[in-house]
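Undergrad: Numbering follows full-length UniProt numbering, with no gaps: position 229 of the sequence shown is 229. I'd like to ask you about the structure that follows.
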Amino acid sequence: ATLSTQWEVARSFSVASTQSSHSSRRSLARPQTAWSQFRHLPTRAGSALHAIQSDDTNSEMDGNSTLFGGNDDGYDGLGEYDPSERLELQRETANVGKPQLRVKEKEQSVTDILKELAAIQQQGPQKYCILGTRHCSYLHQQIIELLAYALVLSGNHVYTSGAGGTHAATIRGALRAEREDLLTVVLPQSLEKQPKESQELLEKVDDLIEMPQNDGMSLDVASRICNSYLLSQTDQLISFAFHESTTVIEATKEAKTLDMLVTTLFLD
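Dropping the structure here:
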């Protein structure tokens with residue numbers, strides 16, 4: 001009886017182990033989808049489930065298309081560019097701006113060059129006309145005064161006009177050289193039309209020419225007439241002006257038409 005009881009216990013334990021092993025094998029060897037359990041249903045129900053499965057597959061594919069670029073998001077043809085094709089440029093030439101135009105210098109004739117060389121080599125005294133603006137700084141007046149002093153000291157005859165600024169500095173420099181015979185001052189109007197400080201300086205000049213016939217004119221017109229007379233009496237012109245000094249610049253242009261040697265120093 002004892003052996004029978006032990007045999008029954010061992011047999012029941014073996015059967016339980018075998019069933020447990022088969023159950024675990026079935027659970028591990030069945031990686032099928034949830035749809036496989038409806039495989040043995042009737043045909044109509046199976047067709048309906050197959051349609052549902054197809055819809056799920058299509059929706060999954062649509063989701064992937066949206067993720068990786070579909071037909072409705074504007075990315076058609078992405079990655080289809082052919083490197084051999086040249087991209088069309090918006091403009092054919094580079095826009096580098098308008099180049100600066102080079103001003104063509106006036107060509108000098110052989111006569112002008114020979115005249116300048118002769119003036120350099122000439123040892124005799126020259127007649128210099130010094131004209132300029134009356135609005136001169138103290139430093140510029142010192143430079144003009146030194147220039148007039150050097151010209152008269154070297155035997156050159158200096159011509160200038162009245163008023164202050166450039167002309168007053170020229171008169172002071174020429175008087176310092178103590179050669180009153182080499183200084184000529186031409187006034188655009190009479191001496192009484194000049195400022196008081198200019199009259200005191202002009203009284204020291206021996207060769208003083210007045211133009212009282214221009215007293216009825218404006219100073220601008222009288223100065224142009226005076227400058228034309230000075231240019232007709234001299235060989236070279238040295239002018240000190242600003243770019244807005246209309247009267248002085250007109251005198252330089254007139255001197256060039258007379259084939260005079262012109263040196264213009266702009267103060268601005």
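Positions of the beta carbon are idealized from the N, C-alpha and C atoms, including for glycine.
#1: Rounded to whole angstroms, what's the CA-CA distance from cysteine 129 to lysine 196? Just pull it up for me.
#2: Going by Cα to Cα distance, which pick from His135, Leu175 and Ala118 is closest to histidine 243?
#3: Of the choices Ser218, Gln189 and Arg224, whose alpha-carbon is the least far from that of residue 274?
#4: Put threonine 133 into one of helix, strand or coil per three-state DSSP.
#5: Would you say leucine 187 and alanine 174 are within 8 Å of each other, going by their C-beta atoms?
#6: Can you look up valine 152 in the DSSP assignment and give me helix, strand or coil?
#7: Considering just the uninterrupted stretch of the alpha helix (DSSP H) at valine 221, what are its terminal residues?
#8: Among all the DSSP beta bridges, which residues are the ones paired with residue 352?
#9: Can you pull the DSSP bridge partners for aspartate 207?
#10: For leucine 267, which of helix, strand or coil comes out of DSSP?
#11: Could you tell me which residues DSSP puts in a beta bridge with leucine 237?
#12: Under three-state DSSP, which class holds alanine 177?
#13: Tell me whether glutamate 192 sits in a helix, a strand or coil according to DSSP, three-state version.
#14: Would alanine 251 and leucine 219 be called neighbours here (beta carbons separated by less than 8 Å)?
#15: Going by Cα to Cα distance, which pick from Ala255, Asp215, Val221 and Ala169 is closest to alanine 150?
#16: Skipping 5 residues on each side, what residues in its chain have a beta carbon closer than 6 Å to that of cysteine 226?
#17: With DSSP collapsed to three states, give me the class of serine 65.
#18: Please determine, among Glu200, Val158 and Thr133, the residue with the shortest C-alpha to C-alpha distance to glutamate 178.
#19: Exposed or buried, phenylalanine 266, counting other C-beta atoms within 10 Å across all chains shown (16 or more means buried)?
#20: From glycine 216 to alanine 241, what distance separates their C-alpha atoms?
#21: Since leucine 201 and leucine 131 are thought to touch, with beta carbons under 8 Å apart, how far apart are those beta carbons, to the nearest angstrom?
#22: Determine the contact status of threonine 247 and serine 223, defining contact as a CB-CB distance below 8 Å.
#23: What would DSSP say about histidine 167, mapped onto helix, strand or coil?
#24: Measure how close the beta-carbons of serine 228 and threonine 133 come, nearest whole angstrom, since I'm counting them as under 8 Å.
#25: Report the rounded CA-to-CA distance for aspartate 235 versus valine 262, giving the unit in angstroms.
#26: Just to confirm, are serine 198 and glycine 155 a CB contact at a threshold of 8 Å?
#27: Would you give the residue range spanned by the alpha helix (DSSP H) that glutamate 250 belongs to?
TA: Looking at the coordinates:
#1: The residue labelled residue 129 in the question sits at position 129 within the sequence shown. The residue labelled residue 196 in the question sits at position 196 within the sequence shown. If I take the Cα positions, the gap works out to 24 Å.
#2: To locate residue 243, count along the sequence shown from 1; it is residue 243. Measuring from the Cα of histidine 243, the nearest candidate turns out to be His135.
#3: What is shown of the chain runs 1 to 268, which leaves residue 274 out entirely.
#4: As a first step, residue 133 is located in the sequence shown; it is residue number 133 there, counting from the start. Correct three-state label for threonine 133: coil.
#5: Stepping through the sequence shown from its first residue, residue 187 is reached at position 187. Stepping through the sequence shown from its first residue, residue 174 is reached at position 174. For leucine 187 and alanine 174, no; Cβs fall outside 8 Å.
#6: In the sequence shown, residue 152 corresponds to position 152, counting from 1. Correct three-state label for valine 152: helix.
#7: As a working mapping, residue 221 is identified with position 221 in the sequence shown. Here the alpha helix (DSSP H) through valine 221 covers 219-233.
#8: Because the chain is modelled from 1 through 268, residue 352 falls outside the range shown and cannot be assessed.
#9: Residue numbering aside, residue 207 sits at position 207 when the sequence shown is read from its first letter. Thr184.
#10: Here residue 267 is taken as the residue at index 267 of the sequence shown, counted from 1. Here leucine 267 sits in coil by DSSP.
#11: Along the sequence shown, read from residue 1 onward, the residue named residue 237 stands at position 237. Paired residue(s): Cys129 and Val262.
#12: As a working note, residue 177 is residue 177 in the sequence shown. Note: alanine 177 maps to coil in three-state DSSP.
#13: Within the sequence shown, the letter at position 192 stands for residue 192. Helix, per DSSP.
#14: Indexing the sequence shown from 1 puts residue 251 at position 251. Indexing the sequence shown from 1 puts residue 219 at position 219. Result no, Cβ atoms of alanine 251 and leucine 219 do not sit closer than 8 Å.
#15: By 1-based counting over the sequence shown, the position of residue 150 is 150. Among Ala255, Asp215, Val221 and Ala169, the Cα nearest to that of alanine 150 belongs to Ala169.
#16: Along the sequence shown, one-based indexing puts residue 226 at 226. If we look at cysteine 226 and ignore the five residues flanking it on each side, its Cβ neighbours are Ser161, Val186 and Pro188.
#17: The residue labelled residue 65 in the question sits at position 65 within the sequence shown. Because serine 65 sits at a pLDDT of 49, beneath the cut-off of 50, its placement in the model cannot be relied upon, and the point is left open.
#18: For the purposes of this step, residue 178 is identified with residue 178 of the sequence shown, where counting begins at 1. Measuring from the Cα of glutamate 178, the nearest candidate turns out to be Val158.
#19: Numbered from 1 along the sequence shown, position 266 holds the residue referred to as residue 266. Exposed, since its Cβ has fewer than 16 Cβ neighbours within 10 Å.
#20: Taking the first residue of the sequence shown as 1, we reach residue 216 at position 216. Taking the first residue of the sequence shown as 1, we reach residue 241 at position 241. About 26 Å.
#21: Taking the first residue of the sequence shown as position 1, residue 201 is located at position 201. Taking the first residue of the sequence shown as position 1, residue 131 is located at position 131. Rounded, the Cβ-Cβ distance is 17 Å, inconsistent with contact.
#22: As a first step, residue 247 must be located in the sequence shown, where it is residue number 247. As a first step, residue 223 must be located in the sequence shown, where it is residue number 223. Yes, these two residues count as a Cβ contact at 8 Å.
#23: Looking up residue 167 in the sequence shown gives position 167. Three-state DSSP puts histidine 167 in a helix.
#24: Along the sequence shown, one-based indexing puts residue 228 at 228. Along the sequence shown, one-based indexing puts residue 133 at 133. Their Cβ separation, rounded to whole angstroms, is 18 Å, which puts serine 228 and threonine 133 out of contact at 8 Å.
#25: Taking the first residue of the sequence shown as position 1, residue 235 is located at position 235. Taking the first residue of the sequence shown as position 1, residue 262 is located at position 262. Looking at the two C-alpha atoms, the distance is approximately 9 Å.
#26: In the sequence shown, residue 198 corresponds to position 198, counting from 1. In the sequence shown, residue 155 corresponds to position 155, counting from 1. No; because the gap between Cβ atoms is not below 8 Å, this pair is not in contact.
#27: Here residue 250 corresponds to residue number 250 of the sequence shown, with the count starting at 1. Where glutamate 250 is concerned, the enclosing alpha helix (DSSP H) stretches over 246-257.
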